[in-house]
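Visitor: Numbers 107 to 867, taken from the numbering used here, label the letters of the sequence shown in order. Where is the CB? At the ideal position from N, CA and C, for every residue including glycine. Encoded as structure tokens, here's the structure I'll be asking about.
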Amino acid sequence: MIWNLWFQFNLKWHKTMENDKPIKVIPEALIIGAGIAGMQAALDIADKGFKVHLVEKDPSIGGHMSQLDKTFPTLDCSACIITPKMVDTANHPNINLLTYSEIIGIEGKVGQFKVKVRRKPRYVDVTKCTACADCVAQCPVTLPNEFDMGLGMRKAIYIPFPQAVPLKYTMDRRGIPPCTATCPLHCNAQGYVALISQGKFKEALALVRQTLPFPGILAYVCAHPCERECKRIEVDRPISICNLKRYLVDHVEETEPNFTPAEEKQQKVAIVGGGPAGLTAAFDLRRMGYHVTLLESKGELGGLLTHGFPSYRLPREVVEKDLSVIEKMGIEARLNTEVGKSLSFEELQKNYDAIFLAVGSTGAGIIPGSLKDLKLNRRGMIQVDPLTLETNLKAIFAGGDGVTGPGTIVESMAQGRKGAISIDRFIRGEDLRQGRESEGRQISPMQSLMPDSKREDREVLPHMVKPLGPGLTREEAIEDAKRCLSCAGCSDCGECARYCQPKAIVYEMKEEILEFDVGAIIMATGFDPFDPKLKPEFGYGVYPNVLHGIEMERLCSASGPTKGDILIQGKKPKEIVFIHCVGSRDKSVGNEYCSRVCCMYTAKQAHLARDKIPGAHITVLYMDVRAFGKGFEEFYERVQKEEIIYRRANPSEVYKKNGKLVVRAEDTLLGEPIELEADLVVLASGLVPRKEDEVMKKMLSMESSSDGFYAEASGLDPILTEMEGVFLAGCAQGPKDIPDTVAQASGAAALACAILAKGRK
Numbered sequence: 107m108i109w110n111l112w113f114q115f116n117l118k119w120h121k122t123m124e125n126d127k128p129i130k131v132i133p134e135a136l137i138i139g140a141g142i143a144g145m146q147a148a149l150d151i152a153d154k155g156f157k158v159h160l161v162e163k164d165p166s167i168g169g170h171m172s173q174l175d176k177t178f179p180t181l182d183c184s185a186c187i188i189t190p191k192m193v194d195t196a197n198h199p200n201i202n203l204l205t206y207s208e209i210i211g212i213e214g215k216v217g218q219f220k221v222k223v224r225r226k227p228r229y230v231d232v233t234k235c236t237a238c239a240d241c242v243a244q245c246p247v248t249l250p251n252e253f254d255m256g257l258g259m260r261k262a263i264y265i266p267f268p269q270a271v272p273l274k275y276t277m278d279r280r281g282i283p284p285c286t287a288t289c290p291l292h293c294n295a296q297g298y299v300a301l302i303s304q305g306k307f308k309e310a311l312a313l314v315r316q317t318l319p320f321p322g323i324l325a326y327v328c329a330h331p332c333e334r335e336c337k338r339i340e341v342d343r344p345i346s347i348c349n350l351k352r353y354l355v356d357h358v359e360e361t362e363p364n365f366t367p368a369e370e371k372q373q374k375v376a377i378v379g380g381g382p383a384g385l386t387a388a389f390d391l392r393r394m395g396y397h398v399t400l401l402e403s404k405g406e407l408g409g410l411l412t413h414g415f416p417s418y419r420l421p422r423e424v425v426e427k428d429l430s431v432i433e434k435m436g437i438e439a440r441l442n443t444e445v446g447k448s449l450s451f452e453e454l455q456k457n458y459d460a461i462f463l464a465v466g467s468t469g470a471g472i473i474p475g476s477l478k479d480l481k482l483n484r485r486g487m488i489q490v491d492p493l494t495l496e497t498n499l500k501a502i503f504a505g506g507d508g509v510t511g512p513g514t515i516v517e518s519m520a521q522g523r524k525g526a527i528s529i530d531r532f533i534r535g536e537d538l539r540q541g542r543e544s545e546g547r548q549i550s551p552m553q554s555l556m557p558d559s560k561r562e563d564r565e566v567l568p569h570m571v572k573p574l575g576p577g578l579t580r581e582e583a584i585e586d587a588k589r590c591l592s593c594a595g596c597s598d599c600g601e602c603a604r605y606c607q608p609k610a611i612v613y614e615m616k617e618e619i620l621e622f623d624v625g626a627i628i629m630a631t632g633f634d635p636f637d638p639k640l641k642p643e644f645g646y647g648v649y650p651n652v653l654h655g656i657e658m659e660r661l662c663s664a665s666g667p668t669k670g671d672i673l674i675q676g677k678k679p680k681e682i683v684f685i686h687c688v689g690s691r692d693k694s695v696g697n698e699y700c701s702r703v704c705c706m707y708t709a710k711q712a713h714l715a716r717d718k719i720p721g722a723h724i725t726v727l728y729m730d731v732r733a734f735g736k737g738f739e740e741f742y743e744r745v746q747k748e749e750i751i752y753r754r755a756n757p758s759e760v761y762k763k764n765g766k767l768v769v770r771a772e773d774t775l776l777g778e779p780i781e782l783e784a785d786l787v788v789l790a791s792g793l794v795p796r797k798e799d800e801v802m803k804k805m806l807s808m809e810s811s812s813d814g815f816y817a818e819a820s821g822l823d824p825i826l827t828e829m830e831g832v833f834l835a836g837c838a839q840g841p842k843d844i845p846d847t848v849a850q851a852s853g854a855a856a857l858a859c860a861i862l863a864k865g866r867k
């Protein structure tokens, strides 16, 4: 039969090659997925002298096998088996390893496939990273560890597991968090909140100063739109972002900030108006190196900051401290100077390269100075381009309440920053509009990374004669900051870069698009574990002591979150119940097939539980036991002799009673209902197709089998597909154990080599 299949394949191949235009075969292969199947296929092909492009979506190769503690039925250490293959794969001269990458396009036909790959940025230069872990020690952000299935935690900069290949760090940056996106000034709220949670107050204040010109003022009078968008509100109450900032400015002693511009420029800019918008524009332009002159009609700077708030709402000493930087930066402030009276507008146009009008909302149609040609809108406000703040007059920009009407302090400051960016581009002759869509308030679609966080209300300040009260204490600030859900992953606080001696952190790293041609493709994309939440009767996701199979593997593993001890909420369970066939052989969830490995990995886990917790009462509720492989039946019998009880049953519900879980089932042999108390319930979740595979199937015009995996050419061709030159390996074709996966991978490699050999010179 094997020779018959081989003959059919070669016949099909020769028919392809007998076309009028002979196909020039590219002697290179693409393997998608670097689990045990992908690595085996890659090594087999590479050993034959062909180049292999091995693409893996995760930061490390290894796949699900790297998550296992032991293999069945031999109970060999999984890491001891797979780690040498991982190292061989990474070091093979014929293998081009592309981790943290994904396929975005495949075109062509057998022998001549054109492949496009997106390599995601790690934000770490792998040529410099030494895996010293100094960055991890300083990172303030802690997130659920995906490799440990969320049972353990990791930092925002991480290596997935100790034996990872490549052994290089990856920074988990998921975008702009809602708090930062909604801030008109895009203050890095998550960053300074994360630093406060670790007691790094000086570093937090320094981070605030990177985006806020006057942090003390905003700590007292900011409208804090960030708190309205804080995802913590979905759990209990938002983080006290503004009060945390106030703690920093009230209690942290900092060294004098250095506001000296990196480069002095010759151009001069005039700012008309010394309110929030004008002050911010002056601050930013001076930091860019321009010579800035502030023109204020009153006897002091500040505008509404000094005249619009009572001192108990915004203490004068706070305003004076923040505004003192204007003089220290070398900004010339001309007080009691009204444009149009003491200084003509024509003089400004003659003596300055650009002008920013920040005159405030002085009333309809009333604009200080002789600006006769300046266009106003129907509300009597200065008419500007909303993106660039250009007026109808060349080199004149305007912002603040004189443009928008009455607004908040932080919105006025954002107008000043926008104006400063436009003036800088104008003077340097650059496009004023390009790439500015993200300025100002934005809406972030980002969701919380830890939606199941424990409810924990924030500190509420008392209402007193001084409405803000005494502020947060040090302990209150730290505890409130710890409530942050770290929506964006990495908080961009910069601590890792400060402590990285090899200078491997690259925040500016961008994704890369790689293109290459191959002659054959092997799909080794693997599987996903069935999500037990689709069977709500078992309480997964409701009770923390209901786990699925891979989670149990991580608890048993010495590299897992509990270092190999089976602990549930810090205690060793005494009553353990395993439930077979969760998500397999179940029409209610659309999975009628058997996942083939669940019976034996449950037996293995029951054996490990018996070994790690002597005296524990362990029960396995099974539908049927399928011990079909080599040594499987013997292992099943061995486990039964270890006082592990197997009961043929149909579980119907897991619920809580008197603080313990209760598994309700029907004993199908006795024909009677049973209830078993449990400290731990382990669901033998089945294997399902990866959701991402649907994209690949559309890309290659491939079909799905009846169970949703990649469809093979026929029942007798488990490696071939209907797409010539595309082969299947491992669980991409259907559920199977490790030996069968490796065997199929080697078979796929052999067929791929038969094609690639046609392209050898």
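With a threshold of 6 Å on Cβ separation, who are the neighbours of S207 within its own chain once the five nearest residues in sequence on each side are excluded?
Guide: V161, V223 and R225.
Visitor: Have a look at G853 and K616 and give me their C-alpha separation to the nearest angstrom.
Guide: If I take the Cα positions, the gap works out to 38 Å.
Visitor: Could you give the DSSP three-state label for V683: helix, strand or coil?
Guide: Looking at V683 - three-state DSSP - the assignment turns out to be strand.
Visitor: Beta-carbon within less than 8 Å of L640's beta-carbon, same chain only, minus the 5 sequence neighbours each way: which residues are those?
Guide: Closer than 8 Å at Cβ, skipping near neighbours: G689 and V695.
Visitor: Suppose you measure from the CA of T366 to the CA of L411; what does that come to, to the nearest Å?
Guide: Cα-Cα distance, rounded: 25 Å.
Visitor: In chain order, what are the residue ranges of uninterrupted beta strand (DSSP E) at least 3 long that sit wholly in the stretch 342-402?
Guide: Those beta strand (DSSP E) runs which fall completely within the stretch 342-402 and span 3+ residues are 374-378 and 397-401.
Visitor: Runs of 4 residues minimum, wholly inside the stretch 438-487: which ones carry the alpha helix (DSSP H) assignment?
Guide: Fully enclosed alpha helix (DSSP H) runs of 4 or longer: 451-457.
Visitor: Can you check which of these residues, S184, T286 and Y646, is closest to Q269 by C-alpha distance?
Guide: For Q269, the nearest C-alpha among the options comes from S184.
Visitor: Sort out for me which residues DSSP pairs C241 with in a bridge.
Guide: None, per the DSSP bridge assignment.
Visitor: Pick from G281, P576, N764 and G258: whose alpha carbon is nearest that of G676?
Guide: Ranking G281, P576, N764 and G258 by Cα distance to G676 puts G258 first.
Visitor: Rounded to the nearest angstrom, what separates I674 and N651 at their Cα positions?
Guide: Each residue's alpha carbon lies about 6 Å from the other.
Visitor: Among I188, H397, C238 and F684, which has the Cα closest to the Cα of Y264?
Guide: Ranking I188, H397, C238 and F684 by Cα distance to Y264 puts C238 first.
Visitor: Between the C-alpha atoms of A863 and E759, what's the straight-line distance to the nearest angstrom?
Guide: Those two C-alpha atoms are separated by around 57 Å.
Visitor: For Y264, which three-state DSSP category applies?
Guide: In this structure, Y264 counts as strand in the three-state DSSP scheme.
Visitor: Between the C-alpha atoms of Y396 and Q372, what's the straight-line distance to the nearest angstrom?
Guide: Cα-Cα distance, rounded: 7 Å.
Visitor: On the CB-based measure, 16 or more other CB atoms within 10 Å of its CB, does Y613 come out buried or exposed?
Guide: Flag for Y613 reads exposed.
Visitor: Considering only residues of the stretch 245-298, which uninterrupted alpha helix (DSSP H) runs meet the minimum length of 4 residues and lie entirely inside it, listed in chain order?
Guide: Complete alpha helix (DSSP H) runs here, min 4: 284-288.
Visitor: Assuming A295 contacts V375 under a Cβ cut-off of 8 Å, what Cβ separation, rounded to an integer in Å, is found between them?
Guide: 30 Å between Cβ atoms; not a contact.
Visitor: Look at the alpha carbon of G600 and the alpha carbon of D390, and state the distance between them as a whole number of angstroms.
Guide: When rounded, the distance between both Cα atoms is 21 Å.
Visitor: Excluding five sequence neighbours on each side, which residues of the same chain lie with their C-beta closer than 6 Å to the C-beta of P679?
Guide: The residues are D785 and L786.
Visitor: Tell me A771's beta-bridge partners as DSSP assigns them.
Guide: The partner list for A771 (beta bridge, DSSP) reads P757 and I780.
Visitor: Quick check on the burial criterion: 16 or more other C-beta atoms within 10 angstroms. Buried or exposed for N756?
Guide: So N756 ends up on the exposed side.
Visitor: Is P492 buried or exposed, if buried means 16 or more other CB atoms sit within 10 Å of its CB?
Guide: P492 should be labelled exposed.
Visitor: Go ahead and pull the three-state DSSP assignment for G408.
Guide: Three-state result, G408: coil.
Visitor: So, using beta-carbon positions, are L538 and T497 closer together than 7 Å?
Guide: No, the pair does not count as a contact, with Cβ atoms beyond the cut-off.
Visitor: Are the Cβ atoms of F633 and G792 separated by less than 7 Å?
Guide: Cβ atoms of F633 and G792: not closer than 7 Å.
Visitor: Are the CB atoms of K191 and M145 within a distance shorter than 7 Å?
Guide: Taking 7 Å as the Cβ cut-off, M145 and K191 qualify as a contacting pair.
Visitor: May I ask you to verify whether the stretch 659-668 touches the stretch 758-776, counting CB pairs closer than 8 Å and requiring at least 3?
Guide: The stretch 659-668, when compared against the stretch 758-776, does not touch it at the 8 Å Cβ threshold.
Visitor: Going by beta carbon distance, what residues of the same chain come within less than 7 Å of G305, once the five residues before and after it are set aside?
Guide: I584, listed in sequence order.
Visitor: Please state whether DSSP places K154 in a helix, a strand or coil.
Guide: K154 falls in the coil class under three-state DSSP.
Visitor: Determine the closest residue to E335 out of S346, R531, S448 and V327, with distance taken between C-alpha atoms.
Guide: Comparing Cα positions, the closest option is S346.
Visitor: How many Å lie between D507 and G466 at the Cα?
Guide: Distance between the alpha carbons of D507 and G466: 5 Å.
Visitor: Suppose the cutoff is 7 Å on Cβ atoms and the five residues either side in sequence are ignored; what does the same chain contact list for E657 look like?
Guide: Cβ neighbours of E657 beyond the five flanking positions: M255 and L257.
Visitor: Under the three-state reduction of DSSP, which class applies to P824: helix, strand or coil?
Guide: Coil at P824, not helix or strand.
Visitor: Can you give the beta carbon distance from F253 to P272, rounded, assuming they're within the 8 Å contact cut?
Guide: At roughly 15 Å, the Cβ-Cβ gap does not stay under 8 Å, so F253 and P272 are not in contact.
Visitor: Between A262 and C593, how many whole angstroms is the CB-CB distance? I'm expecting something under 8 Å.
Guide: So it is not a contact: roughly 12 Å between Cβ atoms.
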